[in-house]
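Chains as they are written, first to last, in full-length UniProt numbering: chain A, 1 to 259; chain B, 1 to 375. Even for Gly, the Cβ is constructed at its ideal location relative to N, Cα and C. Only a predicted model underlies this, so the values are computations on that prediction, with no experimental measurement involved. Structure first, then comments.
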Amino acid sequence: MSSPILQMKDIEKHFGPVIALAGVSVDVHQGECHCLLGDNGAGKSTFIKTMSGVHKATKGEILFEGKPMNFQRPRDAISAGIATVYQDLAMIPLMSVSRNFFMGNEPIRNIGPLKFFDHKRANEITMSEMSKMGINLRGPDQAVGTLSGGERQTVAIARAVYFGAKVLILDEPTSALGVRQTSNVLATINMVRKLGVAVVFITHNVRHAMAVGDRFTVLNRGKTFGTASRGDVSPEELQDMMAGGQELATLEGSLGGTV
Amino acid sequence: MVTSNPSPAPVADERIKERSSLRKALVRPELGGMCGTVLVFTFFLLTAFDSGMFTSQGVLNWTLVSAQFAIIAVGACLLMISGEFDLSMGSMIGFAGMMIAIFGVTLGWPIWFAIIVTFILCIGIGALNGYIVIKTGLPSFIVTLALLFILRGFTIFLPQTLERKTIIGGIRDVAEGDWLASLFGGKVLTGVFQWLGDAGVISTFERGVKAGQPVVDGVPMLVVWAIGLIIFGHILLTKTRFGNWIFAAGGDAQAARYVGVPVSRVKILMFMFTAFCATVFATCQVMEFGSAGADRGVLKEFEAIISVVIGGALLTGGYGSVLGAALGALIFGVVQQGLFFAGVESSLFRVFLGIILLLAVVLNTYIRRMITGER
Ligand SMILES: Nc1ncnc2c1ncn2[C@@H]1O[C@H](COP(=O)(O)OP(=O)(O)OP(=O)(O)O)[C@@H](O)[C@H]1O
Ligand SMILES: [Mg+2]
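See the structure below:
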């Protein structure tokens with residue numbers, strides 16, 4: 001395999017007395033979908049926030065394309081090519097799709113010395129990028145608040161890909177979605193990966209992970225048991241690791257294997 | 001762009017009803033303000049047409065009042081869309097006027113210098129407002145409420161200590177012929193109005209020293225400032241990158257930060273712009289009255305916020321329109337002066353204002369839900 005595009009080495013993150021991450025190492029390659037699994041509070045969101053410049057790691061090293069990176073702000077990570085679609089989406093429902101799509105990256109049209117937001121270009125690109133993802137908008141000025149959860153995820157993913165993300169981080173993009181919308185998002189992930197983007201996909205659903213993942217890392221209470229490749233690990237094993245070992249095995253009998 | 005495959009032709013979605021273009025053009029944040037304006041003008045044209053409200057002097061009267069509201073409403077509007085309030089606007093108006101008087105009259109500085117120093121001082125206080133709000137994370141409601149008292153306190157304390165009175169006059173004399181003062185106190189297009197007077201379009205004085213001059217002899221700078229600020233604010237908000245950041249900062253500050261919008265900078269700049277608008281208001285007022293008083297600007301912050309809300313902005317930020325706020329200011333001014341012309345007991349103005357505010361908010365909420373799909 002090629003050398004990893006992003007390497008996280010022994011990342012620790014403390015919030016005051018809370019140790020959210022106690023030394024986690026993960027590397028991500030181009031064109032792979034790396035799944036990050038773990039239960040609620042395992043530290044998944046905290047971990048990817050250190051990747052994307054929201055949090056500064058208390059300890060540890062981040063190498064991006066082989067070079068050590070020291071992200072101070074989300075902007076630093078974004079300009080390096082790390083785009084993140086957060087659990088809470090980072091879409092503003094009151095604003096139109098095209099205003100959201102270009103938020104922070106507005107196309108500019110110069111009129112003399114003045115710089116204006118190029119709405120025409122923004123609208124055209126938004127419409128065409130969204131229809132590539134299979135979503136028909138009423139118009140680029142449609143408010144994001146009128147979209148469904150899955151459509152919003154897709155806008156967020158399309159936005160990241162359009163702006164040339166090399167690493168795309170998705171924090172639980174499927175957790176609030178129905179069956180059809182989930183499969184749409186999973187298909188989008190598959191498509192994005194084939195474009196050569198490295199995808200970091202966070203979920204607690206092993207089946208969703210198995211559907212698109214190439215490698216799997218399980219986080220548990222701020223620690224990891226390491227990374228497994230597709231084929232080397234069964235869904236049941238992942239499930240057990242997420243729950244931190246034995247407990248689930250005993251539960252499973254009574255739940256009839258539905259978890 | 002990463003992909004190169006041609007985008008599939010957009011297929012019509014069977015679940016989207018076709019909307020007429022008229023409906024699309026009408027359903028916008030300013031719709032409530034437009035309806036209100038039509039309603040208010042219809043009302044006064046029917047009930048107060050003969051009262052002098054629609055003579056050239058009458059028009060000038062409510063235009064001036066509306067322009068005053070508009071100047072502060074533009075600042076309050078952009079600030080509110082960016083998610084913050086400034087309750088110290090009214091006190092800032094009193095404070096700015098008093099500082100111009102103290103610098104220009106008590107200390108005897110050239111008036112242009114007094115005005116420039118006052119602007120710098122007040123915009124600096126606006127920046128301080130913003131800085132405290134951002135650094136502490138406290139609601140701007142509380143922070144600027146504190147500034148409301150602090151600034152008002154100084155506005156009373158300073159003239160009392162320096163001049164042993166709470167009104168400082170004599171500004172007109174020192175402002176005479178000053179290049180900067182005339183930007184706030186003068187009139188433009190006087191030639192056009194003289195011509196209109198000669199042509200009989202507007203009436204002229206019949207006798208006295210002003211005989212032959214039109215009763216309205218120009219557009220006051222106050223109105224020019226109002227129109228200029230409205231145009232500036234509207235273009236900034238809807239046509240620039242920074243405008244998108246204003247919406248984003250107020251819509252969801254965290255989401256905006258995630259994608260690299262400099263939210264703190266946007267908000268602090270909006271506090272500074274609000275202070276700028278308050279100072280423009282104060283300077284025009286001082287030039288008009290020729291004096292500064294310690295009680296000037298009381299309750300103006302609410303009048304600004306009311307105009308903005310009538311104009312369709314959302315109190316919690318992220319949504320609104322400068323044109324709407326300007327219409328709100330117009331409605332406010334026309335109602336206030338119109339009731340006066342119509343001879344309605346002045347205490348009833350508050351009743352009218354309350355009813356208009358309530359109606360506007362209900363209508364605006366309905367319109368906003370249509371646009372944004374809020375539930
Ligand atoms: N800003 C913060 N301050 C203090 N503690 C925090 C902060 N952010 C996260 N934590 C703590 O860190 C731990 C990990 O949280 P994190 O959000 O990373 O979990 P997660 O794996 O994403 O969970 P979920 O599946 O519910 O999203 C939790 O115990 C949480 O309380
Ligand atoms: Mg999380």
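Does any residue of chain A have a CB that is nearer than 7 Å to the CB of residue i?
{"i": "Ile371 (chain B)", "result": "yes"}
{"i": "Phe232 (chain B)", "result": "no"}
{"i": "Thr240 (chain B)", "result": "yes"}
{"i": "Ala249 (chain B)", "result": "no"}
{"i": "Val259 (chain B)", "result": "yes"}
{"i": "Gly137 (chain B)", "result": "no"}
{"i": "Phe252 (chain B)", "result": "The residue you asked about is not Phe; residue 252 (chain B) is Asp in the sequence shown. Output row for Asp252 (chain B): interface = yes."}
{"i": "Pro6 (chain B)", "result": "Here Pro6 (chain B) scores only 44 on pLDDT, less than 50, and its place in the model should not be relied on; the value that follows carries that caveat. Not one chain A Cβ lies under 7 Å of Pro6 (chain B)."}
Give the C-beta separation of residue i and residue j to the nearest angstrom, bearing in mind that I take them to be a contact with Cβ-Cβ under 8 Å.
{"i": "Thr188 (chain A)", "j": "Val24 (chain A)", "result": "Their Cβ separation, rounded to whole angstroms, is 27 Å, which puts Thr188 (chain A) and Val24 (chain A) out of contact at 8 Å."}
{"i": "Ser56 (chain B)", "j": "Val215 (chain B)", "result": "6 Å"}
{"i": "Ile157 (chain A)", "j": "Leu36 (chain A)", "result": "With a Cβ gap of about 17 Å, Ile157 (chain A) and Leu36 (chain A) do not count as contacting."}
{"i": "Leu222 (chain B)", "j": "Ala329 (chain B)", "result": "In fact, because the Cβ distance is near 12 Å, the residues do not count as touching under 8 Å."}
{"i": "Arg230 (chain A)", "j": "Asp240 (chain A)", "result": "In fact, because the Cβ distance is near 17 Å, the residues do not count as touching under 8 Å."}
{"i": "Val212 (chain A)", "j": "Cys33 (chain A)", "result": "5 Å"}
{"i": "Ala304 (chain B)", "j": "Met89 (chain B)", "result": "6 Å"}
{"i": "Ala80 (chain A)", "j": "Met69 (chain A)", "result": "7 Å"}
Output the distance between the C-alpha atoms of residue i and residue j, rounded to the nearest integer angstrom.
{"i": "Pro10 (chain B)", "j": "His119 (chain A)", "result": "Residue placement at Pro10 (chain B) is poorly supported in this model, since its pLDDT is 44, which falls under 50; the coordinates are not used for a value here."}
{"i": "Ile111 (chain A)", "j": "Ile102 (chain B)", "result": "43 Å"}
{"i": "Leu107 (chain B)", "j": "Phe157 (chain B)", "result": "16 Å"}
{"i": "Gly191 (chain B)", "j": "Gln213 (chain B)", "result": "11 Å"}
{"i": "Lys115 (chain A)", "j": "Leu237 (chain B)", "result": "13 Å"}
{"i": "Gly290 (chain B)", "j": "Thr166 (chain B)", "result": "14 Å"}
{"i": "Ala22 (chain A)", "j": "Gly222 (chain A)", "result": "5 Å"}
{"i": "Arg185 (chain A)", "j": "Gly150 (chain A)", "result": "It is Val, not Arg, that sits at residue 185 (chain A) in the sequence shown. Distance between the alpha carbons of Val185 (chain A) and Gly150 (chain A): 7 Å."}
{"i": "Thr217 (chain A)", "j": "Ala42 (chain A)", "result": "12 Å"}
{"i": "Glu124 (chain A)", "j": "Ser98 (chain A)", "result": "9 Å"}
{"i": "Ala146 (chain B)", "j": "Ser91 (chain B)", "result": "11 Å"}
{"i": "Met8 (chain A)", "j": "Val197 (chain A)", "result": "17 Å"}
{"i": "Leu339 (chain B)", "j": "Ser51 (chain B)", "result": "10 Å"}
{"i": "Arg350 (chain B)", "j": "Asn136 (chain A)", "result": "49 Å"}
{"i": "Leu94 (chain A)", "j": "Tyr319 (chain B)", "result": "7 Å"}
{"i": "Ile62 (chain A)", "j": "Leu147 (chain A)", "result": "36 Å"}
{"i": "Ala48 (chain B)", "j": "Phe54 (chain B)", "result": "9 Å"}
{"i": "Val362 (chain B)", "j": "Gly333 (chain B)", "result": "21 Å"}
Does any heavy atom of ligand 2 sit closer than 6 Å to the C-beta of residue i?
{"i": "Ser45 (chain A)", "result": "yes"}
Using a Cβ cut-off of 7 Å, pull out every chain A residue sitting near residue i, in sequence order please.
{"i": "Arg265 (chain B)", "result": "Neighbours of Arg265 (chain B) on chain A: none; closest Cβ ~12 Å, over 7 Å."}
{"i": "Tyr319 (chain B)", "result": "Leu94"}
{"i": "Gly243 (chain B)", "result": "Phe117"}
Of all Cβ atoms in chain B, is any one closer than 7 Å to the Cβ of residue i?
{"i": "Glu106 (chain A)", "result": "yes"}
{"i": "Thr146 (chain A)", "result": "yes"}
{"i": "Leu168 (chain A)", "result": "no"}
{"i": "Lys173 (chain A)", "result": "In the sequence as displayed, the identity of residue 173 (chain A) is Pro instead of Lys. So, not an interface residue."}
{"i": "Pro74 (chain A)", "result": "yes"}
Should residue i be listed as close to ligand 1, given that the test is whether its C-beta is under 6 Å from any heavy atom?
{"i": "Asn40 (chain A)", "result": "yes"}
{"i": "Val18 (chain A)", "result": "yes"}
{"i": "Phe201 (chain A)", "result": "no"}
{"i": "Phe15 (chain A)", "result": "yes"}
Taking C-beta pairs closer than 9 Å, name the residues in chain B that residue i reaches, listed in chain order.
{"i": "Leu6 (chain A)", "result": "Neighbours of Leu6 (chain A) on chain B: none; closest Cβ ~18 Å, over 9 Å."}
Under 9 Å between beta-carbons, which chain A residues line up against residue i? List them in chain order, please.
{"i": "Ala256 (chain B)", "result": "Ala90, Ile92, Met103, Gly104"}
Give me the chain B residues within the contact set of residue i, using Cβ-Cβ distance strictly less than 8 Å, ordered along the chain.
{"i": "Ile78 (chain A)", "result": "Val259, Gly260"}
{"i": "Thr84 (chain A)", "result": "Tyr258"}
Since residue i meets chain B, which of its residues come closer than 7 Å, beta carbon to beta carbon?
{"i": "Ala143 (chain A)", "result": "Ile371, Thr372, Gly373"}
{"i": "Arg99 (chain A)", "result": "Asn244, Phe247"}
{"i": "Thr46 (chain A)", "result": "The contacting residues do not exist; Thr46 (chain A) stays about 15 Å from chain B at best."}
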